[in-house]
Each structure stands twice: as structure tokens, then as C-alpha cells.
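Chemist:
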Amino acid sequence: MSKTFGCLFITLLTLISLRSEAKPHMVAEVGRLSCLEKTTPSSKFFSDLSITLSNANKTEQSFIADTFETIIRMTNQQQAERLLSGLKIKIQNTLGDRSSGGCLPAHQLVRNEIHLARKCEKIGEIPFREGIFVHELGHFIANKLNLYNKYQNEVLKRCKLTNYMSKSRAGKKHKNRNEEFAEIFAAYLLYGKELKSKCKHSYEFI
4 MSKTFGCLFI TLLTLISLRS EAKPHMVAEV GRLSCLEKTT PSSKFFSDLS
54 ITLSNANKTE QSFIADTFET IIRMTNQQQA ERLLSGLKIK IQNTLGDRSS
104 GGCLPAHQLV RNEIHLARKC EKIGEIPFRE GIFVHELGHF IANKLNLYNK
154 YQNEVLKRCK LTNYMSKSRA GKKHKNRNEE FAEIFAAYLL YGKELKSKCK
204 HSYEFI
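Here it is as C-alpha cells:
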């Protein structure tokens with residue numbers, strides 16, 4: 004089975020199952036890493052994109068590099084450098100708790116930096132870290148290119164692919180559509196068929 008067919012086949016099975024299941028909270032929970040292009044991570048690979056990666060183990064280096072390789076294949080090397088240059092990724096064992104309660108899996112409290120945790124002190128290893136990283140990458144690109152307002156002005160219909168597009172896990176509504184954009188970015192890379200089917204205008208914006 005080819006990689007492309009396998010990715011589409013898995014996505015099709017997911018679409019069928021989701022018709023009878025509740026809407027996912029985040030793309031990270033249902034996205035397929037098999038949809039990412041594969042590459043061999045190296046210091047040169049990251050430096051060519053002007054990206055700094057700190058404290059990442061081999062598994063983390065691989066899924067981060069695969070994400071960037073996918074962006075390169077979707078665009079080209081020059082465009083990928085424009086999107087990603089200046090990014091600093093810092094992996095830490097824990098990041099503490101959210102101000103609203105619960106574990107903090109990632110944050111971008113420092114401009115141009117994605118901080119990604121491995122564990123929560125109370126629950127152990129954080130699940131779906133790869134998808135969470137792609138979501139955070141969407142925030143980075145939106146901030147860098149000022150895409151939040153552009154998205155809101157050009158895509159009038161809200162995408163409701165996941166619950167997190169409109170509200171937090173605790174049920175608090177988001178004040179803007181920034182999380183919607185980050186979820187759409189993650190879906191474009193990891194959950195494209197579903198995004199295109201349910202949120203065509205959002206898909207086309209990316």
C-alpha cells in the first residue's frame with residue numbers, strides 16, 4: 004500500500020467512525036502522523052530553516068523534522084524558510100499548570116518560542132504531543148505573518164471541526180478566532196480530508 008493511499012484510507016475510516024462519535028476536542032487527538040512526509044533530522048536540516056531546537060530527543064527531533072519537511076513539500080524550501088525562520092523550540096520535562104487549572108502541555112509566552120512539555124506532574128506523559136506541536140506551530144506562523152485578522156476577515160463562516168475551535172476543555176468560550184486558526188493549520192497537515200469536507204473556505208485559506 005502506498006503512503007498516499009494509506010493516509011487517505013486511514014482518513015476515510017476516521018471519517019466514517021466520526022459520524023457516530025462525538026466531535027473531537029482537538030485535531031491533535033485524531034490527526035494522523037502518517038500523513039506527514041518523512042525525513043532524517045539533522046543539525047543542518049534545522050539550521051537551513053533558521054530554526055533552533057533545544058533539548059529534543061530522537062523521537063521529538065523526528066516528528067518536528069517531519070512536520071517541517073511536509074511544509075517544504077507543500078510549498079518549497081524558500082517559502083518554508085520564510086514561514087519558519089526565527090523559530091525556537093524548547094523541550095522541557097514539565098511546564099507546570101495552567102492558570103485556569105490542569106496541566107500546561109505547551110505555550111508561546113515568549114515571542115518566537117514554542118515551549119513543549121513531556122509530562123504533567125499529576126498524570127504523567129502528555130498524549131498527542133505531536134499534534135499539539137503542529138497546533139502551536141500554527142500560532143507561530145499566524146503571529147509572524149499577521150494572519151489572524153486576515154483569516155477572520157476573509158473566512159466569515161466559523162469552522163466547527165473540533166470543540167477547541169470555539170471553547171476550552173473547561174467550556175470557556177474563546178474571545179477570538181485564534182485557536183480556530185491554529186486548529187485549522189493542524190488539520191491541514193494532519194486531517195486534511197475532513198477539513199476540506201467540513202470547512203472548505205478555511206481549507207482554501209491555508
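Quick note: my numbering has the sequence shown finishing at residue 209, numbered continuously throughout.
Glycine residues also receive a C-beta, built at the ideal position from the N, C-alpha and C atoms.
(1) If LEU87 and LEU52 are in contact, beta carbons under 8 angstroms, what's the gap, nearest whole angstrom?
(2) Would you list, in sequence order, the uninterrupted beta strand (DSSP E) runs of no fewer than 3 residues that lie entirely inside the region 31-104?
(3) Would you check if there are 3 or more beta carbon pairs closer than 8 angstroms linking the region 122-133 to the region 141-150?
(4) Answer with buried or exposed for VAL113, where buried requires no fewer than 16 other C-beta atoms within 10 angstroms of its C-beta.
(5) Between the Cα of LEU107 and those of ILE129, GLU157 and LYS170, spot the shortest distance and give me the residue it belongs to.
(6) Please name the residue in SER57, TYR206, GLU40 and LEU36 whose C-alpha comes closest to that of SER46.
(7) Could you give the first and the last residue of the continuous alpha helix (DSSP H) run that contains HIS118?
(8) Report the three-state DSSP secondary structure of GLU128 (helix, strand or coil).
(9) Excluding the 5 residues flanking GLU133 on each side, which residues of the same chain have their C-beta closer than 7 angstroms to its C-beta?
(10) Quick one, are the C-beta atoms of ASN166 and HIS28 less than 7 angstroms apart?
(11) Could you compute how far the alpha carbon of GLU32 sits from the alpha carbon of LYS196?
(12) LEU192 and THR73 - do their beta-carbons sit closer together than 7 angstroms?
(13) With DSSP run on the structure shown, which of helix, strand or coil describes ALA25?
(14) Who pairs with ALA109 in a beta bridge, going by DSSP?
(15) For LYS170, which residues does DSSP report across the bridge?
Modeler: Answer, in terms of the structure:
(1) Position 84 of the sequence shown, counted from the first residue, corresponds to residue 87. Position 49 of the sequence shown, counted from the first residue, corresponds to residue 52. Rounded, the Cβ-Cβ distance is 5 angstroms, consistent with contact.
(2) Listed in chain order, they are 55-57 and 91-95.
(3) Verdict: no, contact absent.
(4) Indexing the sequence shown from 1 puts residue 113 at position 110. So VAL113 counts as exposed.
(5) Residue 107 sits at position 104 when you count from the first residue of the sequence shown. The option with the nearest alpha carbon to LEU107 is ILE129.
(6) Position 43 of the sequence shown, counting from 1, holds the residue named residue 46. Of all alpha-carbon atoms in SER57, TYR206, GLU40 and LEU36, the one lying nearest the alpha-carbon of SER46 is that of SER57.
(7) By one-based count along the sequence shown, residue 118 stands at place 115. First-last for HIS118: 116-120, but that is the beta strand (DSSP E), not the alpha helix (DSSP H).
(8) By one-based count along the sequence shown, residue 128 stands at place 125. Taken through DSSP and simplified to helix, strand or coil, GLU128 comes out as strand.
(9) In the sequence shown, the residue the question calls residue 133 occupies position 130. Result list for GLU133: LEU36 and PHE66, in chain order.
(10) Here residue 166 refers to the residue found at position 163 when the sequence shown is read from its first residue. Here residue 28 refers to the residue found at position 25 when the sequence shown is read from its first residue. Cβ atoms of ASN166 and HIS28: closer than 7 angstroms.
(11) As a first step, residue 32 must be located in the sequence shown, where it is residue number 29. As a first step, residue 196 must be located in the sequence shown, where it is residue number 193. Taking the Cα positions, GLU32 is about 16 angstroms away from LYS196.
(12) Working through the sequence shown from its first residue, we reach residue 73 at position 70. Working through the sequence shown from its first residue, we reach residue 192 at position 189. Yes. Within cutoff.
(13) Residue 25 sits at position 22 when you count from the first residue of the sequence shown. Here ALA25 sits in coil by DSSP.
(14) Numbered from its first residue, the sequence shown carries residue 109 at position 106. According to DSSP, which records beta bridges pairwise, ALA109 is partnered with LEU119.
(15) For the purposes of this step, residue 170 is identified with residue 167 of the sequence shown, where counting begins at 1. Paired residue(s): LYS176.
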